[in-house]
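Notes follow once the structure below has been shown.
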Amino acid sequence: MSGVLAASLGGEPAHLHECSRAGCRAAAAHAIVWRNPKIHAADRRKTWLACDDHLDYLRGFLADRSFPIEVIPVEDLPR
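In case it helps, the numbering used here puts the sequence shown at residues 8 to 86.
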């Protein structure tokens with residue numbers, strides 16, 4: 008991202024993968040791949056990113072709702 012768009016969104020991110028926890032801008036080390044089976048088909052999955060400090064919080068939020076989840080290293084995400 009560059010130019011006007013980057014400036015309007017606050018500039019370049021500090022890390023290639025940033026934590027998805029609100030207010031956290033730490034580097035993400037984990038990808039939490041999940042879906043809501045009540046509204047998503049089995050082949051539709053969403054991804055949240057988590058730093059080490061917020062992995063348990065984000066995973067717990069999804070697990071409390073009985074969403075199927077898989078945690079993988081961000082390095083294993085498809086490019």
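Just so it is clear, CB atoms sit at the ideal spot from N, CA and C, and this is done for glycine as well.
Note that the structure is a prediction, hence the values are computed from the model and not measured.
Cβ-Cβ distance between residue i and residue j below 8 angstroms
i     : j     : result
THR70 : ILE79 : Note on residue identity: the sequence assigns Ala, not Thr, to residue 70. Contact flag unset, no.
ARG42 : PHE74 : yes
ILE46 : LEU65 : no
Reference residue i, options the options, closest by Cα
i     : options                       : result
GLY30 : PRO44, VAL40, ALA57 and ASP50 : ALA57
Cα-Cα separation, residue i to residue j
i     : j     : result
ASP59 : HIS37 : 8 angstroms
ARG52 : HIS61 : 20 angstroms
ARG32 : ASP63 : 17 angstroms
ALA34 : ASP50 : 28 angstroms
GLU82 : GLU25 : 13 angstroms
ARG72 : PRO85 : 26 angstroms
PHE68 : ALA48 : 20 angstroms
### Task
For the stretch 28–73, list the alpha helix (DSSP H) runs that are entirely contained and at least 4 residues long, ordered along the chain.
List check, alpha helix (DSSP H) in window: 62–70.
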